[in-house]
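Sequential numbering of the sequence shown, starting at 24, is according to this note's numbering.
We put the beta carbon where it would ideally sit given N, CA and C, even for glycine.
Computed from a predicted structure; not experimentally measured.
Here the structure is laid out as structure tokens; the discussion comes afterwards.
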Amino acid sequence: MKKYTVAIITVSDKGSRGEREDKSGKVIEELLKTWAEIVSYSIIPDEKEDIKKELIANVDKVDLILTNGGTGLHPRDVTPEATLEIIDKEVPGIAEVMRMEGFKKTKQAILSRAVAGIKGKTLIINLPGSPKAVRESLEVILEALPHAIDKIKGDPSECAQ
């Protein structure tokens, strides 16, 4: 199987100050290890400009950027806004299915403001901040990601095979 390149960006004030271990980023690494190479891993504060800068720094260097954290309702949660400001195209189905499947486990899943989109030839997906929610969300979309990445890169093969 082809290996895809991935950047993990954990958005956490406490994590960026070393006050909290980044367990969510480790869950992402674990779930992707069979088909992806993690080429960048960063922990940054909940600051929109920092998030945008980190996203832009990784665009076109990796196939997939996965953020975790900053997708809720707290005033400091600005990951979706930062993502929306830099993407070229939104891919709403990814976030919709994560919320839909999450809702089956907890009603609070509808409070997620996560987004997904494309910048250049890179797929960017916002995941929640908790390790449990990261695992549940990523497991729902994982199977579709290689196909999505291939299409973004220009794969001409037919989808309806």
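- In this structure Gly116 does not touch Ala156 by the C-beta definition: roughly 18 angstroms separates them, more than the 8 angstroms allowed.
- Per DSSP, Leu146 is one residue of the beta strand (DSSP E) stretching across 145–150.
- When the five nearest sequence neighbours on each side are left out, the beta carbons in the same chain lying within less than 6 angstroms of the beta carbon of Thr28 are those of Glu60, Val62, Val85, Asp86, in order along the chain.
- Secondary structure at Glu181: coil, using DSSP grouped into helix, strand and coil.
- Between the C-alpha atoms of Asp83 and Ile133 there is a straight-line separation of about 31 angstroms.
- Ranking Thr90, Val114, Lys130 by CA distance to the CA of Ala171 puts Val114 first.
- Per DSSP, Thr28 is one residue of the beta strand (DSSP E) stretching across 27–34.
- DSSP places Leu96 outside both helix and strand once states are collapsed to three, so it counts as coil.
- In this structure the segment 33–48 does not touch the segment 131–145; the number of beta carbon pairs closer than 8 angstroms is below three.
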